[in-house]
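Enquirer: In mature numbering (1 follows the signal peptide of the UniProt record, and there is no 0), the protein residues as written are -20 to -1, 1 to 277.
Here is the structure:
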């Protein structure tokens, strides 16, 4: 008897632009650039605190992409309420400006109301509505400063902050240039004008937005960039993906799971059964070091 085997080959699935596997384009970017307490002589302990909470809302629509709205609020620090001379000189934020402002909890509530007014988040859960992402110049704003300060002050992280775009990553990918020399240099490298005083959070947000708009609108040399997905996010423990703190938390979960298995079975997982139950030893838990705070450049 002769057996005939017929082989059918499915066509290769395209994964590039236009592929069904590509995420849909984003409709908005919320560009933000926090300012926070700092000193050039000593670290700000126990944590640095946000002193300016700005954002620029950008509608993405190819060549018609444009700024829709802005949000700006100064924030009164509570752990180190007196600003350092270095911080005042760097940011232009004065002691009087923060003394007259609300603390972080109240400012975040105002900010979430602003996002909700643009129908970007749910009112109660603060989950994102539609296709949009926060956009920052580095991971330091959300992945370090916001995470650390909210954790120290025992405040919940709003659900919408679990993903964001580090525009430095996409700048490198789109322009085939390293985003070196700081934000001003990267803006001017594109032939754009840096508008305003550097290290003012709203000014930096506007200039970061100008890069995003340049990418979205496209140029003869580089074409238009389509924003489709975030570049970074937070894991189930609220730590940035791939961070030292995230890896430490994962190890602790694994160690706790092994310890539970040992207590239930009386035998360490993978080990041969012991005749004497007291001979089976459980794993020890290692301490986890906290991640260093990156600084924006």
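Glycine included, every Cβ here is placed at the ideal spot set by N, Cα and C.
Between 210, 194, 211 and 209, which lies nearest to residue 203 when the distance is taken from Cα to Cα?
Expert: Taking the chain shown and counting its residues from 1, the one referred to as residue 203 is at position 223. Nearest option by C-alpha distance: 194.
Enquirer: Return the chain-ordered list of same chain residues with a C-beta closer than 6 Å to the C-beta of residue 83, the five sequence neighbours on each side being excluded.
Expert: For this step, residue 83 is matched to residue 103 along the chain shown. Once the five neighbours on either side are set aside, the close Cβ partners of residue 83 are 56 and 58.
Enquirer: By DSSP, does residue 272 sit in helix, in strand, or in coil?
Expert: As a position in the chain shown, residue 272 is number 292, starting the count at 1. The predicted model places residue 272 with a pLDDT of 44, which falls under 50 and marks its position as unreliable, so this point remains unresolved.
Enquirer: Starting from residue 145, trace the beta strand (DSSP E) in both directions and tell me its first and last residue.
Expert: The residue you call residue 145 lines up with position 165 of the chain shown. Its beta strand (DSSP E) spans residues 143 to 146.
Enquirer: Between the region 172 to 190 and the region 97 to 113, are three or more C-beta pairs nearer than 8 Å?
Expert: Output reads no: the region 97 to 113 does not touch the region 172 to 190.
Enquirer: How far does the alpha helix (DSSP H) with residue 49 in it reach, from first residue to last?
Expert: Looking up residue 49 in the chain shown gives position 69. That residue, residue 49, is in no alpha helix (DSSP H); its beta strand (DSSP E) goes 46 to 54.
Enquirer: Run through the DSSP bridge pairs and tell me what residue 214 is partnered with.
Expert: Mapped onto the chain shown, residue 214 falls at position 234. DSSP, once it has assigned bridges, lists 220 as partnering residue 214.
Enquirer: In whole angstroms, what is the alpha-carbon distance linking residue -9 and residue 3?
Expert: For the purposes of this step, residue -9 is taken as residue 12 along the chain shown, with counting starting at 1. For the purposes of this step, residue 3 is taken as residue 23 along the chain shown, with counting starting at 1. Residue placement at residue -9 cannot be trusted, given a pLDDT of 42 that sits under 50; what the coordinates show is reported in the next sentence. Approximately 18 Å between the Cα atoms of the pair.
Enquirer: Is the beta carbon of residue 185 sitting closer than 7 Å to the one on residue 12?
Expert: Along the chain shown, one-based indexing puts residue 185 at 205. Along the chain shown, one-based indexing puts residue 12 at 32. Yes.
Enquirer: In the DSSP assignment, what are the bridge partners of residue 360?
Expert: The question about residue 360 has no answer, for the chain in this structure spans -20 to 277.
Enquirer: Helix, strand or coil: which one does DSSP assign to residue 73?
Expert: Taking the chain shown and counting its residues from 1, one reaches residue 73 at position 93. The answer is coil: DSSP assigns residue 73 none of H, G, I, E or B.
Enquirer: So, residue 87 versus residue 141, is the Cβ gap smaller than 7 Å?
Expert: The count along the chain shown starts at 1 and reaches residue 87 at position 107. The count along the chain shown starts at 1 and reaches residue 141 at position 161. Not in contact: residue 87 and residue 141 (Cβ atoms no closer than 7 Å).
Enquirer: Spatial neighbours of residue 70 within its chain, please: C-beta separation below 6 Å, excluding the five flanking residues on both sides.
Expert: For the purposes of this step, residue 70 is identified with residue 90 of the chain shown, where counting begins at 1. Excluding positions up to five away in sequence, the list reads 179.
Enquirer: Identify, in the order they occur along the chain, each residue of the same chain with its Cβ nearer than 7 Å to the Cβ of residue 192, setting aside the five sequence neighbours on each side.
Expert: The residue you call residue 192 lines up with position 212 of the chain shown. Contacts found: 9, 11, 38, 115 and 147.
Enquirer: Secondary structure at residue 168, three-state DSSP: helix, strand or coil?
Expert: For the purposes of this step, residue 168 is identified with residue 188 of the chain shown, where counting begins at 1. Correct three-state label for residue 168: helix.
Enquirer: Based on the DSSP secondary-structure assignment, which residues constitute the bridge partners of residue 64?
Expert: Residue mapping note: residue 64 aligns to position 84 of the chain shown, counting from 1. Note: residue 64 sits in no beta bridge, so no partner.
Enquirer: Kindly indicate the opening and closing residues of the alpha helix (DSSP H) around residue 188.
Expert: Translated into positions along the chain shown, residue 188 becomes position 208. Start and end: 181 to 197.
Enquirer: If you draw a straight line from the alpha carbon of residue 231 to that of residue 120, how long is it in whole angstroms?
Expert: Reading the chain shown from its first residue, position 251 is the one you call residue 231. Reading the chain shown from its first residue, position 140 is the one you call residue 120. C-alpha separation (whole angstroms): 24 Å.
Enquirer: At 3 residues or longer, what runs of the beta strand (DSSP E) sit wholly inside the region 87 to 130?
Expert: Fully enclosed beta strand (DSSP E) runs of 3 or longer: 112 to 116.
Enquirer: From the DSSP output, in three-state form, read off residue 158 for me.
Expert: Taking the chain shown and counting its residues from 1, one reaches residue 158 at position 178. In the structure shown, residue 158 sits in coil (DSSP, three-state: anything other than H, G, I, E or B).
Enquirer: With distance defined between alpha-carbon atoms, name the residue in 118, 152 and 183 nearest to residue 170.
Expert: To locate residue 170, count along the chain shown from 1; it is residue 190. Checked all of 118, 152 and 183; the closest Cα to residue 170 is 152.
Enquirer: Could you pull out every residue in the same chain whose Cβ sits closer than 7 Å to the Cβ of residue 252, ignoring the five residues on either side in sequence?
Expert: On the chain shown, residue 252 is found 272 positions in, with the first residue counted as 1. At residue 252, the pLDDT of 49 sits below 50, so the modelled position is not reliable; the number obtained from the coordinates is stated separately. None.
Enquirer: Taking only three categories from DSSP, how would you classify residue 1?
Expert: Along the chain shown, one-based indexing puts residue 1 at 21. It is coil, neither helix nor strand.
Enquirer: Quick one, which of 103, 61 and 77 has its alpha-carbon nearest residue 89's?
Expert: For this step, residue 89 is matched to residue 109 along the chain shown. The shortest C-alpha separation from residue 89 is found at 103.
Enquirer: Alpha carbons only, please: which of 25, 36 and 220 is nearest the one belonging to residue 132?
Expert: Within the chain shown, numbered from 1, the residue matching residue 132 stands at position 152. Here the closest residue by C-alpha is 25.
Enquirer: Secondary structure at residue 41, three-state DSSP: helix, strand or coil?
Expert: Mapped onto the chain shown, residue 41 falls at position 61. Reduced to three states, the DSSP call for residue 41 is strand.
Enquirer: Quick check on DSSP: helix, strand or coil for residue 134?
Expert: Counting from 1 along the chain shown, the entry for residue 134 is found at position 154. Residue state, collapsed to three classes: coil.
Enquirer: Please tell me whether residue 105 and residue 139 are closer than 7 Å, where the distance is taken between their beta carbons.
Expert: Sequence index remark: in the chain shown, residue 105 carries index 125 (1-based). Sequence index remark: in the chain shown, residue 139 carries index 159 (1-based). Yes, Cβ-Cβ distance for residue 105 and residue 139 is below 7 Å.
Enquirer: Considering only the beta carbon of each residue, do residue 94 and residue 51 sit closer than 7 Å?
Expert: Position 114 of the chain shown, counted from the start, is the residue given in the question as residue 94. Position 71 of the chain shown, counted from the start, is the residue given in the question as residue 51. Going by C-beta atoms, residue 94 is nearer than 7 Å to residue 51.
Enquirer: How would you label residue 159, buried or exposed, when you count the other beta carbons within 10 angstroms and need 16 or more for buried?
Expert: As a working note, residue 159 is residue 179 in the chain shown. Flag for residue 159 reads buried.
Enquirer: Check whether the Cβ atoms of residue 281 and residue 17 lie closer than 7 Å to each other.
Expert: This structure gives no information on residue 281, because the portion of the chain shown stretches from -20 to 277.
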